[in-house]
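Right, one structure below, let's go through it.
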Amino acid sequence: MSPSPPNPTLLHADVQNLYSDHHGWLVNWLRRRLRDTDNAADLAQDTFLYVLGKPEQVTHLREPRAWLSTIAKGLLIDRFRRHKVEQAYLQALAHLPEQQMPAPEERLILLETLTRIDALLDGLKPNVRTAFLLSRLEGLGYQTIAERLGVSLSSVEKYMATAIRHCFLMRQAL
Numbered sequence: 001m002s003p004s005p006p007n008p009t010l011l012h013a014d015v016q017n018l019y020s021d022h023h024g025w026l027v028n029w030l031r032r033r034l035r036d037t038d039n040a041a042d043l044a045q046d047t048f049l050y051v052l053g054k055p056e057q058v059t060h061l062r063e064p065r066a067w068l069s070t071i072a073k074g075l076l077i078d079r080f081r082r083h084k085v086e087q088a089y090l091q092a093l094a095h096l097p098e099q100q101m102p103a104p105e106e107r108l109i110l111l112e113t114l115t116r117i118d119a120l121l122d123g124l125k126p127n128v129r130t131a132f133l134l135s136r137l138e139g140l141g142y143q144t145i146a147e148r149l150g151v152s153l154s155s156v157e158k159y160m161a162t163a164i165r166h167c168f169l170m171r172q173a174l
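In UniProt numbering, the protein residues as written are 1 to 174.
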């Protein structure tokens, strides 16, 4: 006989208790790190939105503050990564002639795509990531990449194989 599914009402109560017991602490914890009350409140809200998607994990928490801070740190890293990608994209757009500028909807789609690609490549070692980006985005050949990175051609070939395999595995996971 399989165990019965958790009672949604009890899960909701657990999340509600977690929120009421730790929301103020989380906002203060984030405010000390971010030095910005508004961003701290936003990130705390995002953290609890994430928690709402995982109510079954709340029931068995031994260290709720450690769990919440881990979630918040991950969301903060995602936010910084997105901001970095957004700034690079806006900088690239600034160099485009007016007639080549994409429409606002296209810009948003492109930015979201770039953010997803950045997250996908995040697990790669720096040289592997750089080689992959130089090849795919700048169209450089392996020999040129090897010279630019100061490594052998066979290293670049290995980097590219690693990057392509990583992308394939990440895509399969989606």
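Glycine included, each C-beta is placed from N, C-alpha and C at the ideal position.
Check whether residue i and residue j have beta carbons under 8 Å apart
| i | j | result |
| --- | --- | --- |
| Leu-124 | Ala-163 | yes |
| Thr-47 | Leu-26 | yes |
| Leu-30 | Tyr-50 | no |
| Leu-68 | His-22 | yes |
| Ala-131 | Leu-149 | yes |
| Pro-55 | Asp-14 | yes |
Residue range of the alpha helix (DSSP H) that includes residue i
| i | result |
| --- | --- |
| Lys-84 | 64–94 |
| Arg-35 | Here Arg-35 belongs to no alpha helix (DSSP H), and DSSP marks it neither H nor E. |
| Thr-144 | 142–149 |
| Glu-98 | From DSSP, Glu-98 is part of no alpha helix (DSSP H); its letter is neither H nor E. |
| Thr-59 | Element bounds for Thr-59: n/a, residue is neither H nor E. |
| Ala-103 | From DSSP, Ala-103 is part of no alpha helix (DSSP H); its letter is neither H nor E. |
Buried or exposed by the 16-neighbour rule on C-beta atoms within 10 Å, applied to residue i
| i | result |
| --- | --- |
| Leu-43 | buried |
| Leu-169 | exposed |
| residue 181 | Absent from the structure is residue 181, since the part of the chain shown begins at 1 and ends at 174. |
| Ser-20 | exposed |
Inter-residue spacing [alpha-carbon to alpha-carbon] between residue i and residue j
| i | j | result |
| --- | --- | --- |
| Cys-167 | Pro-102 | 27 Å |
| Glu-105 | Glu-112 | 11 Å |
| Leu-93 | Lys-84 | 14 Å |
| Arg-171 | Arg-165 | 10 Å |
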